[in-house]
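Taking it in order: structure first as structure tokens, then the write-up.
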Amino acid sequence: MVKKERLGIVVSDKPNKTIVVAIQTRYQHNKYTKTLIKTKRYMAHDEENTSKAGDLVLIEESAPFSKQKKWALKEIIKAY
Numbered sequence: 006m007v008k009k010e011r012l013g014i015v016v017s018d019k020p021n022k023t024i025v026v027a028i029q030t031r032y033q034h035n036k037y038t039k040t041l042i043k044t045k046r047y048m049a050h051d052e053e054n055t056s057k058a059g060d061l062v063l064i065e066e067s068a069p070f071s072k073q074k075k076w077a078l079k080e081i082i083k084a085y
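Residues are numbered in our numbering as their position in the sequence shown, beginning at 1, plus a constant of 5.
This is how it looks when you write it as structure tokens:
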């Protein structure tokens, strides 16, 4: 099975070995055809604590690390 990947911005790096990544999705309202932006936050595992808040990162789906962490840091695209 192919692992899902998401591109987003780190909004928090406070917890140990954990980052919170915000991912924005654009979609169009069915009735009013207005373009809207939806933001979803994912908790991801960062083993070496390498990423900082503001970094553009790529995360991938993985086996659960905890109740909320089901994603892992794959690479840092652009450091802040």
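No residue lacks a Cβ here, since even glycine has one placed at the ideal position from N, Cα and C. If you're wondering where the values come from, they're calculated on a predicted model, not measured in any experiment.
The beta carbon of residue 59 sits closer than 8 Å to the beta carbons of 14, 15 and 85 from its chain, once the five residues preceding and following it are set aside; these are given in chain order. Beta-bridge analysis with DSSP links residue 6 to no other residue.
Counted as a single uninterrupted DSSP element, the beta strand (DSSP E) harbouring residue 77 occupies residues 74-83. Cβ contact annotation for residue 22 (same chain, cutoff 7 Å, sequence separation greater than five): 50, 51, 52 and 54, in chain order.
Considering only 34, 83 and 67, the residue with the shortest C-alpha distance to residue 56 is 83.
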